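I have placed the structure first, in the form of structure tokens, so that the comments after it can refer back to it.
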Amino acid sequence: MKTFVVLKLQGVMQAWGGHTYEDFRHSELIPTRSALLGLLAACLGIDRNDNKQLEALAASVLIVVRMDREPLRITDFHTVMDARKVDGKPREFPVVSQREYLCDAGYTVLLEIRENAVYDADALRQALEKPVYTPFLGRRSCPISRPLLEGVIEATDFEAAFDLIEPRKGLVYSEQKPSSGATSYRLRDIPLYGRKRQFASRQLYIHTQEDRDVS
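The numbering of the sequence shown is the working numbering, which starts it at 3 and goes up by one.
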């Protein structure tokens, strides 16, 4: 059996930034690995410059996300001073930046605890119940609308784990290949600690979870 820490991400707005630049900041449809690790690090009280502990946290969990409720995209506008040009130099005049948000989204996140994890299920549970820093859903303007921690469960794999958690259906994005019917794609969202704003790619598997009787 495997141990899973279960999170519920719900809020009026969420924003999970992907590859971006100053004048357009879109949101991925799911919470990115880098954002979820940042969320956990905030709850644990890990400083953003503590690369050793951040790497230990990243090595402690595998992440699976289920979209429980499909979001609506909206765009907000900001004025950015000293926005960078392609050559990295700041612009002389401010630019208008478009920023995407996801409205009324709902996600279930499974954190599978890996063998010899520095941050085990108990450590994550305690941090999520009593976070050191205030957690938010991608940006500070996106507060959570319910406690993050749903519980800690045991299951044979992530598919069996999702069968135990309402609504027991939805689109699943996994770092592990499911038993059948998956489409794969790559997402550049693995943080390279110690390298500012640099990320590596990972392969995700997408499949639809159907509600089934597990009684």
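Glycine residues also receive a C-beta, built at the ideal position from the N, C-alpha and C atoms.
Here the structure is a predicted model, which means the values were calculated and not measured.
Using DSSP with H/G/I as helix, E/B as strand and the rest coil, what is residue i?
i, result
"residue 99", "strand"
"residue 127", "helix"
"residue 212", "coil"
"residue 121", "coil"
"residue 133", "coil"
"residue 8", "strand"
"residue 108", "strand"
"residue 114", "strand"
"residue 86", "strand"
Can you tell me whether residue i is buried or exposed, with buried defined as 16 or more other CB within 10 angstroms of its CB?
i, result
"residue 61", "exposed"
"residue 194", "exposed"
"residue 79", "exposed"
"residue 10", "buried"
"residue 84", "exposed"
"residue 68", "buried"
"residue 169", "exposed"
"residue 197", "exposed"
"residue 230", "There is no way to answer for residue 230, as the model of the chain reaches only from 3 to 217."
"residue 90", "exposed"
"residue 181", "exposed"
"residue 186", "exposed"
"residue 145", "exposed"
"residue 137", "buried"
"residue 66", "buried"
"residue 77", "exposed"
"residue 158", "exposed"
"residue 88", "exposed"
Return the chain-ordered list of same chain residues with a C-beta closer than 8 Å to the C-beta of residue i, the five sequence neighbours on each side being excluded.
i, result
"residue 37", "18, 19, 140, 191"
"residue 188", "203, 204, 205, 206"
"residue 125", "46"
"residue 135", "44, 45, 47"
"residue 156", "3, 4, 5, 6"
CB-CB under 7 Å to residue i, same chain, minus the five flanking residues each way: which ones, in chain order?
i, result
"residue 43", "56, 59"
"residue 107", "16, 71, 73"
"residue 201", "36, 190, 191, 192, 193, 194"
"residue 1", "This structure cannot speak to residue 1, because the chain is shown only from 3 to 217."
"residue 151", "9, 127, 130, 131"
"residue 162", "none"
Quick one: measure Cβ to Cβ for residue i and residue j, integer angstroms, because I've assumed they're closer than 8 Å.
i, j, result
"residue 114", "residue 64", "4 Å"
"residue 176", "residue 160", "6 Å"
"residue 102", "residue 28", "5 Å"
"residue 12", "residue 148", "5 Å"
Any beta-carbon of chain C closer than 8 Å to the one on residue i?
i, result
"residue 168", "Protein chain content of the structure displayed is limited to a single chain, and chain C is not contained in it."
With a threshold of 6 Å on Cβ separation, who are the neighbours of residue i within its own chain once the five nearest residues in sequence on each side are excluded?
i, result
"residue 183", "209"
"residue 154", "7, 123, 127"
"residue 26", "100"
"residue 121", "59, 62"
Problem - 4 or more residues per run - each alpha helix (DSSP H) lying fully within the segment 138–203 - result: DSSP runs (the alpha helix (DSSP H)) wholly in the segment 138–203: 160–164.
Problem - Uninterrupted alpha helix (DSSP H) stretches inside the segment 10–79 (no shorter than 4 residues) - result: Within the segment 10–79, the alpha helix (DSSP H) runs of at least 4 residues that lie entirely inside it are, in chain order, 35–46, 53–60.
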